[in-house]
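In our numbering, the protein residues as written are 3 to 107.
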């Protein structure tokens with residue numbers, strides 16, 4: 003039979019492990035964003051931060067943290083394309099098809 007001291011030691015160790023597990027930083031789940039379009043060299047920005055050319059984003063995708071995000075695709079000579087998307091943890095990938103329209107002369 004375990005002594006009272008051994009029981010206290012095990013209980014203390016168990017509480018310590020619970021406390022440490024609560025301190026571990028957890029990365030929030032991300033949602034994959036896939037964007038394709040008709041102008042491969044158009045610029046893609048997310049939340050006003052430049053991500054890259056549309057062809058690059060189409061090939062690699064983007065991991066979005068949970069929350070609302072503004073996706074903008076633009077190129078000189080075309081009307082800008084802009085959408086709000088909601089990324090939810092555990093949701094399937096978000097697929098966007100971008101069709102930029104040329105600005106008439």
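We put the beta carbon where it would ideally sit given N, CA and C, even for glycine.
Given the structure is predicted, the values throughout are model-derived calculations rather than measurements.
Own chain partners of residue i with C-beta closer than 6 Å, once the 5 adjacent residues on each side are dropped
i          : result
residue 85 : 73
Cβ neighbours of residue i in the same chain (closer than 7 Å, five flanking residues each side left out)
i          : result
residue 59 : 37, 46, 53
Extent of the continuous alpha helix (DSSP H) to which residue i belongs
i          : result
residue 60 : 56-62
Element boundaries [beta strand (DSSP E), containing residue i]
i           : result
residue 36  : 33-39
residue 84  : 83-89
residue 103 : Taken as a continuous stretch (DSSP letters only), residue 103 belongs to no beta strand (DSSP E), as it is neither H nor E.
Buried versus exposed, by CB contacts within 10 Å (16 or more), residue i
i           : result
residue 39  : buried
residue 65  : exposed
residue 75  : buried
residue 105 : exposed
residue 78  : exposed
residue 82  : exposed
residue 61  : exposed
residue 6   : exposed
Straight-line gap, residue i to residue j (C-alpha atoms, nearest Å)
i          : j          : result
residue 69 : residue 97 : 16 Å
residue 32 : residue 48 : 14 Å
residue 55 : residue 93 : 25 Å
Same chain only: Cβ atoms within 8 Å of residue i, ignoring 5 sequence neighbours per side
i          : result
residue 51 : none
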